[in-house]
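Protein chains in written order, with my numbering: chain E, 653 to 1026; chain D, 57 to 676.
No residue lacks a Cβ here, since even glycine has one placed at the ideal position from N, Cα and C.
Remember, it's a predicted structure, so these values are computed and weren't measured experimentally.
Contents: one structure, followed by commentary.
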Amino acid sequence: MAQAYSPGLTVTDSIVLKKDRILPLKGKVLVKKGDKVKAEDFVAETLLPGNVVPFNLANKLGVPVDIVNEYLRIKAGDQLKKGDVIAETKGFLGLFKTTIKSPLDGEVENISSVTGQLLLREPRIPVQVKAFIDGVVVDVVENEGVIIENKSAYIQGIFGIGGETTGEIKVLAASGEDIIDAKSVDDSCKGKVIVCGSMIPYDVVKKAQKVGVAGIISGGIDDRDLKKLLGYDIGVAITGHENIGLTIVVTEGFGKIKMAKKTYELLKTFNGHKASIHGFTQIRAGVMRPEIIIPIKFKEEELTEPEARMSTLEIGTTIRVIRQPNFGLIGKVTGLPEKLTSVESETMVRILEAELENGEKLTIPRANVEVIED
Amino acid sequence: MSQKLNKIIATDCGSTTTKSILIEYIDGEYRQTVRGEAPTTVEKPLNDVTRGVINAVTELVELARLKYNDDSIQFIKDGTVWISEKEGEGVDAYVSTSSAGGGLQMMVTGVVAKMTGESAERAALGAGAIVMDLIASNDKRANYEKIERIRQLRPDMILMAGGVDGGTTKHVAEMAELVGAADPKPRLGSSYKLPIIYAGNTSARDIINDILKEKTDLIITDNLRPKLESENLGPARDKIHDLFMEHVMAQAPGYNKLMGWVKGPKDGKLVNIPIMPTPAAVGNIMQTIAKVNDIEVLGVDIGGATTDVFSVFTKDKVFNRTVSANLGMSYSISNVLATAGLENILRWVPFDIDESGLRNMIKNKMIRPTTIPQQLEELVLEQAIAKEALKYAFIQHKEFAVGLKGAQKQREISEAFSQSTSGATVVNMMTLNLLVGSGGVMSHAPRRNQSAMMLIDSFQPEGITRLAVDSIFMMPQLGVLAEIDEKAATEVFDKDCLIYLGTCVASVGKMKPDKVALSAKIELPNGEVFEENIKFGEIRLLPCGVGETAKATLKPGRGLDIGEGKGQEIQTELHGGVTGIILDTRGRRPFVLPVDASERVPLLKKWMKELKAYPEEILK
């Protein structure tokens, strides 16, 4: 067998993309099939049920549960304003009454005759979903959301933090190997997605936060800096919900790792273009990787989605080494021996032979490479 | 249809891989003969679990044809696993387990967290679930916080317990009101109501029905804690399994089809064999083995995301399972670092490494979970991390595997003196007979001695304990097979599933390093007699192969114990394995590693050399 399946991250100057933009609960779709939308446009909205506030009425009134009903001034389903009287005892000759008032605006959800508990529900919370990418609405899922399609230059990152954002790409690094300093991040970077090289030092991120950078794209990040930035150690690989004022997309991994040439060149080509990025990462069933999406001009008839396929390892395939030694280096496959081979750690593995960019020839476990699609 | 099963196919549909095995009745015994696997296909673009099953079974067909040089072998017909009553055609039974799509995720509620709450948790874990949260009346969270939590989590189902039969109904009613107010939605699919199993105070059933019937799919079953002194987890577990099939599995793509495929003969008829959650099946085989051989068993499965610990202890064969949801070797590896701390991982490493390098290595493993350690140093580091992950998973297990709390117990004078209380752990490493490890880092360790070392360092077995690893993790398939044929399952477990590493003898207690901790005379199978007064703080590895035994006379040092009491001699037979017999006098309760690296590193190197755990060059 001269080929094998291997995971890989997509880096391409042109791809047809489809994005599902779906509400967490059923609601209203604001656009229709065929509409052209911008990333910032709202495409669907709904109202989430408000928070429930439990309220022990029997205790507050100081009466047994079974007679709470006698003092009630409200019933389930009633709308309340803060301060409305909920219940009142009769007192003694009209004096010494205990009056209970609503602590919030909302609705009476339920009154329990078993526990004397009153449940109040706060007003509904509006939720809106943006288009996230410039494109065309190709499908509407009734009451739930839409599917948007476009043609883009597209880069999958390996790890990210922070949610969805958009901004103009601004390449600051002189090469994929470069490490920029905090001085290079100035007010001109406000609202932009800045491209750094092999590493993004802590002080650069701090400066970026200060000037209001929308997003950072970098080859690597040091885990200690990440911990300092977040204030905690990331335990499991589910990210994207961090609230640090900007989004970071790491393209290669942890530590100082040169950004792959193709990735850097692509970003440079699209310097000044608008990009939609997010840091959502989930490495488990339902894998999710951060994305950099740069919409390009297209005609609607060009929107035919490519067939889903797995990248394959063949002689000549470009690969990136994704574990020590030689982590981050790029090479081409020169051989795919069938036999299990013992590596330095004595693990018996399937290997491949490769020639690195620097001309060095070596063998690597197949599990430790990623395919870079040309 | 004849009762005798000649050919059985079993699959385990995991989150990423569907594993298939063929079990055959050959020359009077059941053996696992062929094994295949294929990627699981519950996600886009295929969205149908049966595609992965067919692929994994197709591999079985191809390998079986090669093995028996017979191109007529076929296990698939009309796009399904072929179960035929005709001899020599298809197979006699097909069974399956599943943990695809994140397995079974549950939330449990109780009145008192440490009593009914804990019983509910035990029922859910025993049924193979991941318990996302335990909510109890006394868990110190405000009611609005509990409601928010219930809303945030989207479990597959909720198990509600609380109150002994005939006791007060107010607290369970209050809990039901909170659940009702939260109006929880199921994780998969929004078209059906969330199933809720009520297994609490029987007197509160009508009240619970009034509160929850409209909003949820309420199922009422026997109280799982009818009295403080007893648990009755069976009915609740059975209901969980029924609902797992009807709701969770039915929502997962292709499972409706798969549920029609799993069939086998029972009581002379071909019947449907329910798909089991993977961990429930592992628990099943563990209990079967403990029962059949009358032994105490402790098993661990360390995966990429979670670590499961299973145990069967005491003469009543009390079964416990825990899931350490965030301790694992890839997806959760970073959490092991966060939980254990850097210094605890580094205490197992016999060389220097800088913090930044280690942190980045761990995070890189997290984001690229399928990579393998090519360099020896990275292998040593991964195994050090595994030891800490296992240690913490075991601590959690010991804390959970306890007697019933709150039970009134008549105590004997000796118990009163020993201060034993209700709720003490049932895990007793001294009486444990068999310790089984499984999961990638354990099963794929380049040297089996490394697996033995990881098991000993993290679990610290006491006295005499046999060690084994599950070679290819076929415990799930055997667990579901035990449902229809216990004999077939236990035979394969013993012959093909376990790889015996050997036996560990460890003296319990502490003494000075120059004192004798164990006097051993062992007649080895090769005819040699090993005889040594081993000082405290040492390890010895003696050759004794698979299926071999060695006659041993073992006398612990003064104040130390190997099972029969302090200083008491034992004469016994020790079982061998691919590693051999390990005599460990490094001490237990406490086991102490020097804090100072200049003292610790030479000790680690000495032990690792003796165990032949790593190549010499890294231990120089």
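In the DSSP assignment, Leu523(D) falls within the beta strand (DSSP E) that extends over Gly519 to Asp526. One alpha carbon belongs to Leu610(D), the other to Gly632(D), and they sit about 16 Å apart. Within 8 Å of the CB of Pro706(E), the CB atoms of chain D belong to Asn199, Tyr200, Ile203, Glu233, Leu234 and Ala237, in sequence order along the chain.
Not flagged as an interface residue toward chain D: Phe932(E), since no C-beta distance is shorter than 8 Å. Annotation for Ile418(D): Ile389, Ser390 and Leu393 place their beta carbon closer than 6 Å to its own, counting only its chain and skipping 5 residues before and after.
Approximately 5 Å separates the beta-carbon atoms of Ala232(D) and Ile264(D); this is inside 8 Å, confirming the contact. At a cut-off of 8 Å between beta carbons, Met162(D) makes no contact with chain E. When 7 Å is used as the limit between beta carbons, Thr427(D) is near these residues of chain E: Ile974, Arg975, Ala1019 and Asn1020, in chain order.
With 16 or more neighbouring CB atoms inside 10 Å of its own CB, Ser870(E) falls in the buried class. Ranked by how close their Cα comes to the Cα of Ile578(D), the residues Val525(D), Leu616(D) and Ile638(D) have Ile638(D) in first place. Within a 10 Å sphere around the beta-carbon of Thr767(E) sit 16 or more other beta-carbons, which makes this residue buried. With respect to chain E, the C-beta atom of Arg424(D) has a partner C-beta closer than 8 Å. One finds Val766 in chain E with Cβ atoms closer than 8 Å to the Cβ of Ile263(D), taken in chain order. Spatial neighbours of Pro406(D) in its own chain (CB-CB distance under 8 Å, excluding positions within 5 residues in sequence) are listed in chain order as Val436, Val657, Leu660, Lys661, Met664, Ile674 and Leu675. At a cut-off of 8 Å between beta carbons, Asp874(E) contacts chain D. A Cβ of chain E is located within less than 8 Å of the beta carbon of Gln430(D). Comparing C-alpha distances from Pro517(D) to each of Gly496(D), Val564(D) and Ala538(D) shows the shortest one belongs to Val564(D). For a Cβ distance threshold of 9 Å, nothing in chain D lies close to Leu1014(E): the least Cβ distance comes to about 10 Å. The alpha carbon of Thr751(E) has as its nearest neighbour, out of Glu759(E), Lys742(E) and Asp757(E), the alpha carbon of Lys742(E). In the displayed model, Arg776(E) falls within coil according to three-state DSSP, outside both helix and strand. For Asp730(E), no CB of chain D lies under 8 Å from its own CB, so it is not counted at the interface with that chain. For Gly496(D), no beta strand (DSSP E) encloses it; the enclosing alpha helix (DSSP H) starts and ends at Gly496 to Ser499. Counting along the chain, Thr1015(E) sits inside the beta strand (DSSP E) bounded by residues Lys1013 to Pro1017.
Following the DSSP letters along the chain, one finds Glu542(D) inside the alpha helix (DSSP H) bounded by residues Glu542 to Val548. Taking the CA atoms as reference points, Glu230(D) sits about 14 Å from Tyr254(D). Short of 6 Å from the beta carbon of Ala176(D), and not among the five residues preceding or following it, lie these beta carbons of its own chain, in chain order: Val164, Gly166, Leu215 and Ala217. The residue among Thr481(D), Met422(D) and Gln627(D) with its C-alpha nearest the C-alpha of Ile890(E) is Met422(D). Under the DSSP assignment, Arg673(E) falls in the beta strand (DSSP E) whose first and last residues are Val663 to Ile674. Chain D has no Cβ within less than 8 Å of the Cβ of Ala927(E).
Nearest CB-CB separation between Ser840(E) and chain D: not below the 8 Å threshold.
Within the segment 882-894 of chain E, contact with chain D at the beta-carbon level (separation under 7 Å) is assigned to Asp885, Ile886, Gly887, Val888 and Ala889.
A check of alpha carbon separations from Ser367(D) across Thr258(D), Gly223(D), Asn489(D) and Val109(D) identifies Asn489(D) as the nearest.
Close to chain E, meaning a Cβ-Cβ distance shorter than 7 Å, is no residue of the segment 109-122 of chain D at all. Along the segment 899-921 of chain E, going in chain order, the ones with a CB nearer than 8 Å to a CB of chain D are Gly905, Phe906 and Gly907.
In the DSSP secondary-structure assignment, Ser827(E) is not bridged to any residue. Excluding its 5 nearest sequence neighbours in each direction, Val681(E) has C-beta neighbours in its own chain below 8 Å: Val695, Ala696, Val792, Val793, Glu794, Asn795, Glu796, Gly797 and Val798, listed in chain order.
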